[in-house]
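Participant: Counting from 1 along the sequence shown, just add 4 to a position and that's the residue number in the working numbering. We treat Cβ as the ideally placed atom computed from N, Cα and C, and that holds for glycine. This is the structure I have questions about; it appears just below.
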Amino acid sequence: MVVSHERSGTHFLINSISCSFNYSRKSLDLDHTDVNINYYASENIRSIFKKLSKVHLANVIKSHHSLDFFNEILEEILNEFNLLYIYRDPRDVMVSLWKQIRYWNWHEGPKTETIKEFLKSAPSGRMMRYQQHQLPSLLHRWEHHIRGWMVDADESFRQKVIYVKYEELNSNFNSTIKAIAKQVGIYSFSIVRPKPSENVVPPVSKGESGGYSEYITSEDDQYIKSMIGRTMNEIGYQ
């Protein structure tokens, strides 16, 4: 199971698992398009995971939901599934998410003319399906996701989750895949880097690290750090 905030390298990781570990290229998305259940009812989520645990799945389960949705059944999920959490520099995340929302012809989230406006906008539209309650801004939404799944999680939980830093997967692909294979107990595999334009959610991006600097000014950067700088530092971003 791969969990992430949107635009954090989700499909890069899923496709890497698919290509290297011989999983299906089609992930099972915990979203209304693939699994149309009431995600605000823990029993419904529990029922789905119980059914999936009895099947030898060739598909990676994907979710962008905040931890709040799984709190009551988390231990059961961790006992049955390997859970990988991929995270990325929030500045690259925000730029990629801004581009994606402007790309769609529906109300996925706040469509703003500038990234500066976007950073200060509250979540809205279809993206709200991944959160339990409203947050002041998209930066706070990212922080809530990260702190729930990662920073504020207790040690016993963290020991059961495989954390993948996007920048490490991108720049040290082979060693990162080997580390993942060891952690999930896969011993026979071929390391294959997926093509960046295949099996991804549009718009297709370059996937480069630090590309945010083309869009985010030094003033924007200072604002971001004033809002979520502590959390950024705790997961290795300056």
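Run through DSSP, which three-state label would residue 93 get?
Facilitator: Taking the sequence shown and counting its residues from 1, the one referred to as residue 93 is at position 89. Coil at residue 93, not helix or strand.
Participant: Would residue 7 and residue 64 be called neighbours here (beta carbons separated by less than 8 Å)?
Facilitator: Numbered from 1 along the sequence shown, position 3 holds the residue referred to as residue 7. Numbered from 1 along the sequence shown, position 60 holds the residue referred to as residue 64. Taking 8 Å as the Cβ cut-off, residue 7 and residue 64 do not qualify as a contacting pair.
Participant: Would you call the segment 181 to 200 and the segment 64 to 76 touching, i.e. three or more CB-CB distances under 8 Å?
Facilitator: They do not touch, by the three-pair rule.
Participant: If you run the structure through DSSP and keep just helix, strand and coil, what is residue 216?
Facilitator: Translated into positions along the sequence shown, residue 216 becomes position 212. Here residue 216 sits in helix by DSSP.
Participant: Since residue 89 contacts residue 204 with CB under 8 Å, what's their CB separation in whole angstroms?
Facilitator: Here residue 89 corresponds to residue number 85 of the sequence shown, with the count starting at 1. Here residue 204 corresponds to residue number 200 of the sequence shown, with the count starting at 1. In fact, because the Cβ distance is near 19 Å, the residues do not count as touching under 8 Å.
Participant: Assign residue 28 to one of three DSSP states: helix, strand, or coil.
Facilitator: To locate residue 28, count along the sequence shown from 1; it is residue 24. Here residue 28 sits in coil by DSSP.
Participant: For residue 64, which three-state DSSP category applies?
Facilitator: To locate residue 64, count along the sequence shown from 1; it is residue 60. Here residue 64 sits in coil by DSSP.
Participant: Checking 8 Å against the spacing of the C-beta atoms, do residue 241 and residue 13 come in under that value?
Facilitator: Here residue 241 corresponds to residue number 237 of the sequence shown, with the count starting at 1. Here residue 13 corresponds to residue number 9 of the sequence shown, with the count starting at 1. Not in contact: residue 241 and residue 13 (Cβ atoms no closer than 8 Å).
Participant: DSSP beta-bridge partners for residue 33?
Facilitator: Translated into positions along the sequence shown, residue 33 becomes position 29. DSSP output for residue 33 lists 66 as bridge partner(s).
Participant: Using a threshold of 8 Å, state whether the C-beta atoms of residue 86 and residue 155 are closer than that.
Facilitator: Position 82 of the sequence shown, counted from the start, is the residue given in the question as residue 86. Position 151 of the sequence shown, counted from the start, is the residue given in the question as residue 155. No. Outside cutoff.
Participant: Using only CA atoms, which one of 36, 94, 92, 58 lies nearest to residue 66?
Facilitator: Translated into the one-based positions of the sequence shown, residue 66 becomes position 62. Nearest of 36, 94, 92, 58 to residue 66, Cα basis: 36.
Participant: Who are the Cβ neighbours of residue 146 in its own chain at under 8 Å, not counting the five residues just before and after it?
Facilitator: Looking up residue 146 in the sequence shown gives position 142. If we look at residue 146 and ignore the five residues flanking it on each side, its Cβ neighbours are 9, 94, 97, 98, 232.
Participant: Enumerated in chain order, which unbroken segments of the beta strand (DSSP E) with a length of 3 residues or greater are wholly contained in the segment 75 to 150?
Facilitator: Counting only runs of 3 or more, we get 87 to 91.
Participant: Under a three-way DSSP split, which group does residue 184 fall into?
Facilitator: Walking along the sequence shown from the start, residue 184 turns up at place 180. Three-state DSSP puts residue 184 in a helix.
Participant: Tell me residue 166's beta-bridge partners as DSSP assigns them.
Facilitator: Along the sequence shown, read from residue 1 onward, the residue named residue 166 stands at position 162. According to DSSP, residue 166 bridges with 88.
Participant: Look up residue 7 in the DSSP assignment and say whether it is helix, strand or coil.
Facilitator: Working through the sequence shown from its first residue, we reach residue 7 at position 3. Strand.
Participant: Decide if residue 31 is buried, meaning its Cβ has at least 16 other Cβ atoms within 10 Å, or exposed.
Facilitator: The residue you call residue 31 lines up with position 27 of the sequence shown. It counts as buried.
Participant: I'd like to check one pair, residue 167 with residue 69: are the Cβ atoms closer than 8 Å?
Facilitator: Indexing the sequence shown from 1 puts residue 69 at position 65. Indexing the sequence shown from 1 puts residue 167 at position 163. Cβ atoms of residue 69 and residue 167: not closer than 8 Å.
Participant: Could you check whether residue 120 and residue 224 sit closer than 8 Å to each other, using their CB atoms as the reference points?
Facilitator: The count along the sequence shown starts at 1 and reaches residue 224 at position 220. The count along the sequence shown starts at 1 and reaches residue 120 at position 116. Cβ distance < 8 Å, so residue 224 and residue 120 count as in contact.
Participant: What is the rounded straight-line gap between the Cα of residue 34 and the Cα of residue 213?
Facilitator: The sequence position of residue 34 within the sequence shown is 30, counting from 1. The sequence position of residue 213 within the sequence shown is 209, counting from 1. If you take the alpha carbons of residue 34 and residue 213, they lie about 27 Å apart.
Participant: Could you tell me the alpha carbon to alpha carbon distance between residue 142 and residue 112, rounded to whole angstroms?
Facilitator: Residue 142 sits at position 138 when you count from the first residue of the sequence shown. Residue 112 sits at position 108 when you count from the first residue of the sequence shown. Residue 142 and residue 112: Cα-Cα distance of roughly 13 Å.
Participant: Give the secondary structure of residue 237 by DSSP, where H, G and I count as helix, E and B as strand, and everything else as coil.
Facilitator: As a working note, residue 237 is residue 233 in the sequence shown. Here residue 237 sits in helix by DSSP.
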